Amino acid sequence: MNTSSLLLTIVVLIAVAYFFGRRRSVSLADTSQGGYRNLNSLPFYYGTLTALWCGIPALLVVALWLVFDNTIIDSLILAQLPEPVRALPDGELGLVLNSIKNLAAENMTAGDPEPYVVAAADSLNRITAISQMAMAVLGLTLGMSLAVFSWFRIQPQQKARLQVEKVFKFILLSCASIAILTTVGIVFSVIFESLRFFQAVPFTEFIFGTHWSPQMAIRADQVGSSGAFGIIPLFTGTLLISAIALIVAVPTGLMTAIYLSEYASSTVRSIVKPLLEVLAGIPTVVYGFFAALTIAPLIRDGGAWTFEFLGLQMAISSESALAAGLVMGVMIIPFVSSLSDDVINAVPQALRDGSFGLGATRSETIKQVVLPAALPGIVGSVLLAASRAIGETMIVVMAAGLAANLTANPLESVTTVTVQIVTLLVGDQEFDSPKTLAAFALGLMLFIVTLALNYLALHVVKKYREQYE
Amino acid sequence: MSEKLSTIDLVNKNLARRYRREKRFRAYGIASIMFGLLCLVILFADIIGKGHSAFLQTYVRLNVELSAEALGISDINDPSQFVRANYDGVLRNALRERFPEVNKRREKRNLYGIISNGAGYQLRDLLEQNPQLINTRVDIWVLADDDYDTYYKSRSSDGSEAYTGRFSETQIGWIEALIADGVVEKRFNRTFFQAGDSREPEQAGIRGAMMGSLYTLIVTFVLSFPIGVAAAVYLEEYAHKNRFTDFIEVNINNLAAVPSIIFGLLGLAIFINFFSMPRSIPLVGGIVLTLMTLPTIIISSRAAIKAVPPSIREAALGIGASKMQVILHHVLPLAMPGMLTGAIIGMAQALGETAPLLLIGMVAFIVDVPGGITDPSTVLPVQIFLWSDSPERAFVERTSAAIMVLLGFLIVMNTLAVLLRRRLERRW
Amino acid sequence: MEATVGSANTIGKLNSEAPVSKATANYKEQAAGKTVGIPFVEHPKMSMRDVQVYYGDKQAIFDVGLDIGKNEVVAMIGPSGCGKSTFLRCLNRMNDTIDICRVEGSLKLEELDIYDPKLDVVPLRARVGMVFQKPNPFPKSIYDNVAYGPRIHGLVSRKSELDEIVETSLRRAGLWEEVKDRLLSPGTGLSGGQQQRLCIARTIAVSPEVILMDEPCSALDPIATAKIEELIAELSANFTIAIVTHSMQQAARVSDRTAYFHLGKLIEVNETEKVFTNPDHELTEAYITGRFG
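Protein chains in written order, with our numbering: chain A, 5 to 473; chain B, 19 to 446; chain C, 7 to 299.
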């Protein structure tokens, strides 16, 4: 019985449990005088209670089984392997395990498999079948027996509604806690791998190193592939591109927000706002494509022409930071403008009136009263925009380079933290090499930086809101 | 008295300068808006300009001698012979017949390149359905190779000014000769919507990616909508103001702003590495996107629940409804339009997301169209990413076309959200 | 001040004496849309005729005609929603900030047509300043709040002149002694009454000819209110003041003439003492005796 049909069976079982539970409560109500009034709760609750007794344990068993069966089966298979194979280092053992699994799934393996692999594949198939069967039997029996147990417990005095509502509330609470679980998951997944990385590469070298070239030597005598993990060039690259993006987005977004909230008529606003929001809804991969195939060549050729015109000996990289930064800036414009719009609208009209009442022009009022009043909020939205720019991936993956140059020249090619995470992790990698683990260390840095920015921004904005409430 | 006069005089003296500043400031505002709108227009114009031609595909009509001998089919009732038959051979024969002057080996290989190497499959499909055509001579339209496709599409009507790329004079001669014969034609590119990925641009389609996106979105929706709504209900209706609730809120707000690629790292470390789930499948992609879109859905669902006036809750509570009944009978139905709007927006966000899916292996080259949530697949944005890396010029137009399809879906979803909000929104 | 206390006693007596004859006379005039009393003066600073104000389709002010004399304090009273604030905001075109608001009729500041479409509101507002209901200091320092007007209008060219204006304005607003040591601390940190006096100082720093006050004391406690009222009395020596108030006592204490608004119509304008002792119109009388409001 495979997993999906097992799940289907459980669902049917739940429905059956509901039906019988409900019927029993109805029949109990009818035998005594007064009908439903005699029951503590509506029949619906008795049915639901029986269904919950049936479904929750069964689903729990299946879920736990699915989570742990792979690990358990793997260790069982490993235990069967001949001694010399088990003595192999972890990485190679993983490869052996992989080929066993491939064979078991009747995929093709490279060359003729070793006999122990064939034997292991056979026993893998057997164990998997047993495990599936055991899971089905255990899950269904547990569900059914608990359903029957709870069916017998149904009494007119039983407080079914209260119990169901308790479960209901608990389920809601667990759903709300997923946000916490996600954060915990993120923290654990990046921290564990990062710690393993820092065992291979010292933390100080990682933080203060000015050279990044993650290619590890395959043979010890290879030249030029020593594997250097200094993130300074990645961070400067990220900052350079983000700075360009913010230089484009902050003034434009802010002026847009100002114009729309202080000058534009409601008709103009109702047309322009959704149009600009389209910019925010465009997937980043589209911006990446646009940056790499349209803007970057344009800048390169335009720059070449200009430099020739000026008689300078300079060239612009076709993966210049400028192209990626400009396009990222355009992407962030609506983000900045809608955040600033909220902030500007939160400035009380009384302040504007006070300024107009003294005979200030609109721009004087905006520049000298509205903007200073909205400043904390605007700072908050700029911080959020910065965090967005730093974490942006697709545009830089497609339009920025891979070479980790330590430069502040926007016409050169730089690489970013996110680009390196993608490059290090895309494709088949073994999970344990420092190269792969470096991606998690980078992820940790990225997470810390964006978290700090977000926290700061939310804090500033919240304080600002409170000021005018 | 004199002081007051001088005040107004001073004011008047400075007026012109102040109004110049005012005008300038306004102009900055208009310029900013124009810049934003201009970027939007350029972006769309660029994508459509590059991509519209991908919806047409160049076909070449060949007069093919379908001799059983050349094909190697001796028994038309044996399906295995149809699988192995030498379709490429008869197509090549047809090309040699048309251009008898070509006889050098290398030249011939170039000549065969006029038609796509998928043309053989086209012929196979034709013959499998119409075995009676064997030993006849038929005119069939076959896919042109991508270079010729690009050449023909970029060619102006009189034959001047075409994109020649890597073409030699002879190759241009061939295609021009075929054009002069009137056997080259552009037709609607059905392959693009029916095929999976391919290394050959003319055979590549987005169906695989579209189905992958669909399955991923289904998983995302099935998980994120109930969980998001439940979380929102808990936070709005049940949660007391305490540290734990605050902590949940802080987490939700922060997760909403965590870079999406971090969720990819989470998926890779937890689901693929720790739980040993397979790479490249929509199930894992959907779970990762669920975690990513949950904050959006929770936040919008909370707003929708908040918008239900307390008087309704009080009315229901007042006649003895339990909290759960109030929520299920009154709050949720009334808040549903707002929640659905939020969910659609969350789904649109998930549909356009690329970075986390790269990390969990949905970036593999997958030819087959996936048939379920556990089949290896890719999604539309990742397909766009993959194609945009390909050097063939014909992939540029297909990438742009795929972008147009993606944007089309997004526009439909967002419009739906807006309409839903307008139609079902209740004013209290 | 003493007179007003006395007038409060006389109202009760008058009330029971001769309401009947008054009513008939006034209803006639009411039918003709006339305001009773003395709405018009000679050589007015501001003169308004046939003013109509609409919010969208709804008319808020009907046929109001009123003059404000030079260095006179005119109080506008009436039940809430009667249009007194709306009318006041017309006088320096603050209603322009409300999109759906439309004003008709003739409103003049001396010879200047306030609602001339070509008129520039910036110098107008420099001449007709406004103090609002809720104190609204800018989130800047006390000094910058007061200096704001002179700065934007370019009234001074040297820092010392600006210092002088700030000091004089704060002195005239009676705030100087309280804030002279902390001019650079934020204006929002002051108490409500101090904030409102700061707003007045901010207004007079531009040396306007007319000051409009829209219920300037409604958000303040009685002690702060008393200070503002003293201030108004002092300012009336140099400025023309129009004040909207919901407090009849305040109108009685600070104003020379009082205008009574009812449902968008200007019912009666008279010498303040007369309004509070022997109003010409029945509605005015009903209001000041507290029968509605």
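Ideal Cβ positions, reconstructed from N, Cα and C, are used throughout, including at glycine.
Since the structure is predicted, the reported quantities are computational estimates derived from the model, not experimental observations.
What residues from chain B crowd round residue i, counting only those whose CB sits closer than 8 Å?
{"i": "Ala-132 of chain C", "result": "Thr-25, Ile-26, Val-29"}
Where does residue i sit, in a helix, a strand or coil, going by DSSP?
{"i": "Arg-79 of chain B", "result": "strand"}
{"i": "Arg-217 of chain B", "result": "coil"}
{"i": "Ala-37 of chain C", "result": "With a pLDDT of 41 at Ala-37 of chain C, under the threshold of 50, the modelled position of that residue is not reliable, and the figure given next carries that caveat. If DSSP states are grouped into helix, strand and coil, Ala-37 of chain C belongs with the helices."}
{"i": "Met-354 of chain B", "result": "helix"}
{"i": "Leu-207 of chain B", "result": "Looking at the sequence shown, residue 207 of chain B is not Leu but Asn. Coil at Asn-207 of chain B, not helix or strand."}
{"i": "Cys-179 of chain A", "result": "helix"}
{"i": "Ala-66 of chain C", "result": "strand"}
{"i": "Gly-447 of chain A", "result": "helix"}
{"i": "Thr-234 of chain B", "result": "helix"}
{"i": "Lys-51 of chain C", "result": "strand"}
{"i": "Tyr-181 of chain B", "result": "coil"}
{"i": "Cys-107 of chain C", "result": "strand"}
{"i": "Leu-362 of chain A", "result": "coil"}
{"i": "Ala-257 of chain B", "result": "coil"}
{"i": "His-215 of chain A", "result": "coil"}
{"i": "Ser-269 of chain A", "result": "coil"}
{"i": "Ile-266 of chain B", "result": "helix"}
{"i": "Gln-139 of chain C", "result": "coil"}
{"i": "Lys-28 of chain C", "result": "Residue placement at Lys-28 of chain C is flagged as unreliable, the pLDDT there being 44, under the threshold of 50; the coordinate-derived value follows with that caveat. The answer is helix: DSSP assigns Lys-28 of chain C an H, G or I state."}
{"i": "Phe-339 of chain A", "result": "helix"}
{"i": "Tyr-121 of chain C", "result": "coil"}
Listing by chain order, which chain A residues have their CB less than 9 Å from the CB of residue i?
{"i": "Leu-40 of chain C", "result": "According to the sequence shown, residue 40 of chain C is Lys rather than Leu. Ordered by position in chain A, no residue passes the 9 Å Cβ test against Lys-40 of chain C, which lies about 32 Å from the chain."}
{"i": "Gly-159 of chain C", "result": "It should be noted that the sequence gives His, not Gly, for residue 159 of chain C. Leu-362, Gly-363, Ala-364, listed in chain order."}
With 16 other CB atoms within 10 Å as the buried threshold, where does residue i fall?
{"i": "Trp-192 of chain B", "result": "buried"}
{"i": "Ile-394 of chain A", "result": "buried"}
{"i": "Ile-345 of chain B", "result": "buried"}
{"i": "Thr-214 of chain A", "result": "exposed"}
{"i": "His-258 of chain B", "result": "exposed"}
{"i": "Asp-93 of chain B", "result": "exposed"}
{"i": "Ile-247 of chain C", "result": "buried"}
{"i": "Arg-173 of chain B", "result": "buried"}
{"i": "His-49 of chain C", "result": "exposed"}
{"i": "Tyr-266 of chain C", "result": "buried"}
{"i": "Arg-205 of chain B", "result": "exposed"}
{"i": "Gly-384 of chain A", "result": "buried"}
{"i": "Glu-470 of chain A", "result": "exposed"}
{"i": "Ala-108 of chain A", "result": "buried"}
For residue i, which residues in chain B fall below 7 Å Cβ to Cβ?
{"i": "Val-282 of chain A", "result": "Leu-58"}
{"i": "Ile-81 of chain A", "result": "Those do not exist, as Ile-81 of chain A stays about 13 Å from chain B at its closest Cβ, beyond 7 Å."}
Which residues of chain C have a Cβ atom closer than 8 Å to the Cβ of residue i, listed in chain order?
{"i": "Asn-32 of chain B", "result": "His-159, Gly-160"}
In chain A, which residues lie less than 8 Å from residue i when you measure between Cβ atoms?
{"i": "Thr-209 of chain C", "result": "Gly-361, Leu-362"}
{"i": "Thr-103 of chain C", "result": "Gln-353, Arg-356, Asp-357, Phe-360"}
If the cut is a Cβ gap below 9 Å, which residues of chain C does residue i touch?
{"i": "Ala-164 of chain A", "result": "Those within 9 Å of Ala-164 of chain A in chain C number zero; the least Cβ separation is about 56 Å."}
So which residues of chain B does residue i contact, with C-beta pairs closer than 9 Å?
{"i": "Phe-444 of chain A", "result": "Leu-283, Leu-286, Ala-287"}
Is the segment 325 to 345 of chain B touching the segment 404 to 417 of chain B, taking contact as three or more C-beta pairs under 8 Å? no
Contact between the segment 49 to 57 of chain B and the segment 71 to 91 of chain B is defined here as three or more beta-carbon pairs at a separation below 8 Å; is this criterion met? no
If you scan the segment 25 to 113 of chain B from start to end, which runs of the alpha helix (DSSP H) of 4 or more residues do you find wholly inside it? Counting only runs that start and end inside the segment 25 to 113 of chain B, the alpha helix (DSSP H) elements of at least 4 residues fall at 86 to 89, 97 to 102.
Does the segment 206 to 218 of chain C come into contact with the segment 173 to 189 of chain C, if we say contact requires no fewer than three beta-carbon pairs (one atom in each stretch) closer than 8 Å? yes
Would you call the segment 292 to 309 of chain B in contact with the segment 239 to 248 of chain B, where contact means no fewer than 3 C-beta pairs closer than 8 Å? yes
Counting Cβ pairs closer than 8 Å, one from the segment 353 to 362 of chain A and one from the segment 301 to 311 of chain A, do we hit at least three? no
For the 8 Å Cβ check, are there 3 or more pairs between the segment 107 to 119 of chain C and the segment 324 to 337 of chain A? no
Let me know the alpha helix (DSSP H) ranges lying completely inside the segment 257 to 328 of chain A, each 4 residues or longer, listed in chain order. Those alpha helix (DSSP H) runs which fall completely within the segment 257 to 328 of chain A and span 4+ residues are 270 to 285, 288 to 294, 300 to 314.
Determine, using beta-carbon pairs with one atom in the segment 158 to 168 of chain A and one in the segment 396 to 410 of chain A, whether at least three such pairs fall under 8 Å. no
For the segment 139 to 181 of chain B, list the alpha helix (DSSP H) runs that are entirely contained and at least 4 residues long, ordered along the chain. Entirely contained in the segment 139 to 181 of chain B, the alpha helix (DSSP H) runs reaching 4 residues are, in chain order, 164 to 172.
Where in the segment 170 to 251 of chain C do unbroken runs of the beta strand (DSSP E), each at least 3 residues long, occur, reported from the N-terminal end onward? 216 to 220, 246 to 250
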